[in-house]
Amino acid sequence: MAKEGVKAREVKRAKLVAKYAEKRAALKAEGDFAALDKLPKNASPVRLHNRCKLTGRPRGYMRQFGISRVTFREMALAGKIPGVKKASW
1 MAKEGVKARE VKRAKLVAKY AEKRAALKAE GDFAALDKLP KNASPVRLHN RCKLTGRPRG
61 YMRQFGISRV TFREMALAGK IPGVKKASW
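The sequence shown lines up with residues 1 to 89 when you count with the UniProt record's numbering.
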């Protein structure tokens with residue numbers, strides 16, 4: 001489990017990115033990089049990082065499910081993910 005503050009920080013960054021997305025696009029189209037530099041650093045989409053929706057784990061993230069590999073494995077073994085079965089050979 002990730003710390004609550006780290007997860008909250010990531011949510012805050014996502015809100016900032018959404019808030020400034022239109023303004024950033026307009027400034028980039030104009031080529032006004034001085035004004036673009038004055039926007040908050042966390043408003044840049046590059047600063048976002050995918051995290052597990054359940055635990056907040058930053059590594060081993062599976063985009064298709066939105067969770068980490070560890071959580072995916074637990075849920076798949078418990079039968080909570082439809083259409084996913086444990087391979088056995």
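We put the CB at the ideal spot given by N, CA and C, even for glycine.
Computed from a predicted model, the values in this text were never measured in an experiment.
- Item | DSSP-derived helix/strand/coil call for Met-75 | Mapped onto the sequence shown, residue 75 falls at position 75. In the structure shown, Met-75 sits in a helix (DSSP, three-state: H, G or I).
- Bounding residues of the alpha helix (DSSP H) (the contiguous stretch that carries Asp-32): Taking the sequence shown and counting its residues from 1, one reaches residue 32 at position 32. Premise fails: Asp-32 is in no alpha helix (DSSP H) and is neither H nor E.
- Item | Exposed unless 16 or more other CB atoms sit within 10 angstroms - verdict on Leu-77 | Here residue 77 is taken as the residue at index 77 of the sequence shown, counted from 1. That one is exposed.
- Express the C-alpha separation of Phe-72 and Ala-7 in angstroms, rounding to a whole number. Walking along the sequence shown from the start, residue 7 turns up at place 7. Walking along the sequence shown from the start, residue 72 turns up at place 72. Correcting the residue type first, residue 7 is Lys in the shown sequence and not Ala. Distance between the alpha carbons of Lys-7 and Phe-72: 19 Å.
- Query: Would you call the stretch 34-52 and the stretch 77-86 in contact, with 3 or more CB pairs under 8 Å?
  - Reply: no
- Message: Are the CB atoms of Val-17 and Asn-42 within a distance shorter than 9 Å?
- Response: Counting from one through the sequence shown, the residue named residue 42 turns up at place 42. Counting from one through the sequence shown, the residue named residue 17 turns up at place 17. Taking 9 Å as the Cβ cut-off, Asn-42 and Val-17 qualify as a contacting pair.
- Query: In whole angstroms, what is the alpha-carbon distance linking Gly-60 and Gly-83?
  - Reply: The count along the sequence shown starts at 1 and reaches residue 60 at position 60. The count along the sequence shown starts at 1 and reaches residue 83 at position 83. Taking the straight line from one Cα to the other gives about 21 Å.
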